[in-house]
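Peer 1: Each residue of the sequence shown is one higher than the one before, counting from 466 in the working numbering.
For glycine and all other residues, C-beta sits at the position ideal for the given N, C-alpha and C.
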Amino acid sequence: MNPQAKLIFITSLLLGTTITISSNHWVMAWTGLEINTLAILPLISKSHHPRAIEAATKYFLVQATASALVLFSSMTNAWHTGQWDITQLTHPTSSLILTAAISMKLGLVPFHFWFPEVLQGSPLITGLLLSTAMKFPPITLLYMTSLSLNPTLLTTLAILSVALGGWMGLNQTQTRKIMAFSSISHLGWMAIILIYYPKLTLLNFYLYAMMTAAVFLTLNSMKVLNLSTLMTAWTKAPSLSTILLLTLLSLAGLPPLTGFLPKWLIIQELTKQDMAPAAIIISLLSLLGLFFYLRLAYCATITLPPHTTNHMKQWHTNKPVNPSIAILTTLSIMLLPTSPMLTTII
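Now the structure itself:
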């Protein structure tokens, strides 16, 4: 892709995100979401492969529908209350429509079907943007309207997301699809705590974005798109594979790694809110996710491929690890001791 064109699209992404997260008026928030959608489409379809074009088309149709629903819910609210302010979404029908629209934008169950397919058709770096940067504006809208959302509906969506995200990820062999189901599962954790402790949702999102960025950049550096390639990648970059093992375990939420922190705080807060059954269910369902992270980690570091493998062995490279990968993986592994500081900030 032409560097000038890429610069324009990335600047538009930043612009759209900034407009949405800093706006008070629904129409401005909707404008930002639309700019974001239009800016990411060329980045998804830049390879001109039929699957990439299909992914871009699916993404466009879903996001356009969700944006129309956002506009519809805000107009319904303005019709009944005379308020266009984002924080004044008080009409129950409007808040239900908005929850559906944002769930569609994020890929929460039952509106998740588009997300694995779109991620599978995108390059790894675009997949990283779709999993992190594109989720930020909708989450900020949920954060701003959290007081008027329906707790039962969000808890149901969250538990279903964690269940299906874990369940459907078990059988996958493509790394991008595994990361898509991982994203759906993490979104469930963010959604369940949103009404009771919104800042914890944001903390969870920041830590999730950091760990996902580390995994995607590592996979991109090793040029890994499926598990069979991952099995032979250890010869190319042994240190990177070892770091990937730890980052994946952190993403799974194992203590003493960073990923354990948001899960720990969310379970603690749910228990305080007399929602111990929900906390137990969501904790048990996250074990499904742990299985496929362990499978990825196992393929990355512990297995030696059989001698009859169809994949050519990679040459060992002495190329230094990208500094951004080094910084992100260090943060993804070692932030748990700073949890008292993080909890005082939020």
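Under the assumption that ILE551 contacts TRP491 (Cβ atoms under 8 Å), give the Cβ distance between them as a whole number of angstroms.
Peer 2: 6 Å
Peer 1: Sort out for me which residues DSSP pairs GLN639 with in a bridge.
Peer 2: ASN691
Peer 1: Kindly indicate the opening and closing residues of the alpha helix (DSSP H) around PHE430.
Peer 2: This structure leaves residue 430 out entirely; the chain is present only between 466 and 811.
Peer 1: DSSP puts ASP739 in a beta bridge; with which residues?
Peer 2: Beta-bridge pairing links ASP739 to no other residue.
Peer 1: Can you check whether the CB of MET655 is closer than 9 Å to the CB of LEU716?
Peer 2: Not closer than 9 Å, so no.
Peer 1: Could you work out which residue in LEU713, THR496, THR605 is closest to THR766 when comparing CA atoms only?
Peer 2: LEU713
Peer 1: When DSSP builds the beta bridges, which residues end up paired with HIS490?
Peer 2: Beta-bridge analysis with DSSP links HIS490 to ASP550.
Peer 1: Can you check whether the CB of SER613 is closer than 9 Å to the CB of SER554?
Peer 2: With the sequence shown as reference, residue 554 is identified as Leu, and Ser is not the correct amino acid for it. It is a contact, given that the beta carbons lie within the stated cut-off.
Peer 1: Look at VAL680 and MET644 and say whether their C-beta atoms are less than 9 Å apart.
Peer 2: A contact, by the Cβ cut-off of 9 Å.
Peer 1: Might you give, ordered along the chain, the residues of its own chain that have their beta carbon closer than 8 Å to the beta carbon of LEU800, omitting 5 neighbours on each side?
Peer 2: LEU672, THR723, LEU726, LEU807
Peer 1: Okay, do the stretch 617-633 and the stretch 747-757 touch, 3+ Cβ pairs below 8 Å being the bar?
Peer 2: yes
Peer 1: With H, G and I counted as helix, E and B as strand and the rest as coil, what does DSSP make of GLN556?
Peer 2: In the sequence under discussion, the amino acid at residue 556 is His, which differs from the Gln named in the question. HIS556: coil per DSSP, three-state reduction.
Peer 1: If contacts are defined as beta-carbon pairs under 8 Å, then LEU667 and ILE658 qualify, I think. What distance do you get, rounded to the angstrom?
Peer 2: Not quite, the Cβ-Cβ distance comes to about 10 Å (not below 8 Å), so this is no contact.
Peer 1: Helix, strand or coil: which one does DSSP assign to TYR661?
Peer 2: coil
Peer 1: Which whole-angstrom value is the C-beta distance of VAL574 and ILE649, which I expect to be below 8 Å?
Peer 2: Their Cβ separation, rounded to whole angstroms, is 7 Å, which keeps VAL574 and ILE649 in contact under 8 Å.
Peer 1: Buried or exposed for ASN542, going by 16 or more other Cβ atoms inside 10 Å?
Peer 2: Buried, by the Cβ-count rule.
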